[in-house]
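If you're matching positions, the sequence shown starts at 41 in the working numbering and goes up one per residue. From the three backbone atoms N, C-alpha and C, an ideal C-beta is built for every residue, glycine too. Below: one structure, written as structure tokens.
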Amino acid sequence: MTTLLGKLRKAPKKEFNVLILGLNNAGKSTLAARLGLETDDAVKQVTPTVDLTERHLKFKKMKVCLRDLSGQCRMRKSWHSFYKDANVLIFVIDSADASRLSEARCELCEVLLDERLSHVPLLLLANKQDAFGALPSSMIVELLGLNRIEGRPWKIYECSSLAGVGIDNTVNWIYERLKKLRPASVFSRFFTPYFLFGPTCLLDRRPGGMDD
Ligand SMILES: Nc1nc2c(ncn2[C@@H]2O[C@H](COP(=O)(O)OP(=O)(O)OP(=O)(O)O)[C@@H](O)[C@H]2O)c(=O)[nH]1
Ligand SMILES: [Mg+2]
């Protein structure tokens, strides 16, 4: 007979969803291929996404589903179907294509206005830093009005998904955000100060919200 403890130990680990959005050609699939530790050749051969591509990965023992959606105009209308399950959001920007920054800004605004994503941590990636004329992240913050984002943790990193530069930051950021969403283990759930000392113990106050 399986014991309760045995059942709890065998409970499948939760899989977290990482949603990757951005205009077409921003470099989302190249990033997803990098995060999936694909070979340099495979990363260079990425083609425009049709609908979406899902990759099931493990980030430092955490199960993660990367959802890389197509950024083509007509596909952006169906991005919202993936909002409900998203645990973190990555928005990729082509830093070398200043002519499309206002389009990126409009799409990002639409995304951030959606209630279902209102508390989802946001990572902006100023991608293609290796390309000629790439704008630094400080300028992208300015041009996209990112300092006006309120009510959610957000961060911007510069990267080159093609060259594999700045990807470690992205992995660490995803990991740190998801770590906070991990359900408490059976032992930590029971052996809290609340359990040991009762409901009035100050030590049982858990920090609220996420920092940046
Ligand atoms: N120079 C440079 N090119 C990049 C970088 N990341 C992606 N690219 C190139 O940009 C083009 C588009 O990359 P994708 O990853 O397919 O872009 P996407 O955002 O997935 O595009 P859709 O699937 O159409 O939405 C490809 O030719 C990539 O090789 C980068 O960091 N630097
Ligand atoms: Mg793609």
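Reference alanine 171, options Leu148, Pro161, Met179, Asp137, closest by Cα: Comparing Cα-Cα distances from alanine 171 to each of Leu148, Pro161, Met179, Asp137, the minimum goes to Asp137.
Touch test, the region 160 to 177 against the region 80 to 92, Cβ-Cβ under 8 Å, three pairs minimum: no
Bridge partners - glutamate 94, DSSP secondary structure assignment: Arg107
Any alpha helix (DSSP H) of 4 or more consecutive residues that is wholly inside the region 148 to 231: 177 to 184, 207 to 219, 226 to 230
Whole-number beta carbon distance between lysine 168 and serine 200, since they are thought to touch under 8 Å: 6 Å
Cβ neighbour criterion (16 or more within 10 Å) applied to glycine 111: buried
Bridge partner(s) assigned by DSSP for valine 132: Gly62, Leu165
Beta bridge counterpart(s) of glutamate 55 as assigned by DSSP: Bridge partners of glutamate 55: Lys103.
Local Cβ density within 10 Å of serine 178, reported as buried at 16 or more and exposed below that: exposed
Residue interval of the alpha helix (DSSP H) (run including serine 69): 68 to 75
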